[in-house]
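**Q**
In the working numbering, the protein residues as written are 19 to 148.
1. Which of the three DSSP states, helix, strand or coil, is assigned to residue 31?
2. Per DSSP, what kind of secondary structure is residue 78 in: helix, strand or coil?
3. My assumption, with CB atoms under 8 Å, is that residue 42 sits in contact with residue 76. Please give the rounded CB distance.
4. Distance check for residue 132 and residue 31, CA to CA, integer angstroms please.
5. Who are the Cβ neighbours of residue 107 in its own chain at under 8 Å, not counting the five residues just before and after it?
6. Report the rounded CA-to-CA distance for residue 80 versus residue 103, giving the unit in angstroms.
7. In angstroms with no decimal places, state the Cα-to-Cα distance between residue 28 and residue 111.
8. Hey, how far is the Cα of residue 50 from the Cα of residue 123?
9. What is the DSSP secondary structure of residue 61, reduced to helix, strand or coil?
10. Does the separation of the CB atoms of residue 93 and residue 39 fall below 9 Å?
11. Name the DSSP beta bridge partners of residue 88, please?
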């Protein structure tokens, strides 16, 4: 695990937990991780995400499965600390012909590719999920 990229660690923990058929995971809290988790919940990729207070705040993510298979087939970090990837509205990639989502960081906050196109915004491409 890299201490340099907490978002990549967060996405990797989700990917690994689903491969291991875990029911839920905990991750340390940060605003961007929580917003990504909320988007995943809204789009139906995870069952639930809650903020929990133990010794410190953490995010509890309840993973989602369909017919005993993980709902998230692929989750990939795109923009990395060493190589940031930015995209204009017209250049935002479509994942699986629009079946997957891209999560962007825009001037109006963290959002999906569909919402960014609707609001006519570009931004940093954080990750893709299918």
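Glycine included, every Cβ here is placed at the ideal spot set by N, Cα and C. All figures in this text were calculated on a predicted structure; none of them were measured in a lab.
**A** Let me lay it out:
1. Three-state DSSP puts residue 31 in a helix.
2. Three-state result, residue 78: strand.
3. Residue 42 to residue 76, Cβ: 11 Å. No contact.
4. Here the alpha carbons of residue 132 and residue 31 stand approximately 25 Å from one another.
5. Within its own chain, the residues whose Cβ lies closer than 8 Å to the Cβ of residue 107, once the five positions on either side in sequence are excluded, are 134, 135, 138, 139, 140, listed in chain order.
6. Distance from the CA atom of residue 80 to the CA atom of residue 103, rounded to whole angstroms, is 29 Å.
7. Those two C-alpha atoms are separated by around 22 Å.
8. The straight-line gap separating the alpha-carbon atoms of residue 50 and residue 123 is approximately 9 Å.
9. In this structure, residue 61 counts as coil in the three-state DSSP scheme.
10. No, these two residues do not count as a Cβ contact at 9 Å.
11. In the DSSP output, where bridge partners are listed per residue, residue 88 has 83.
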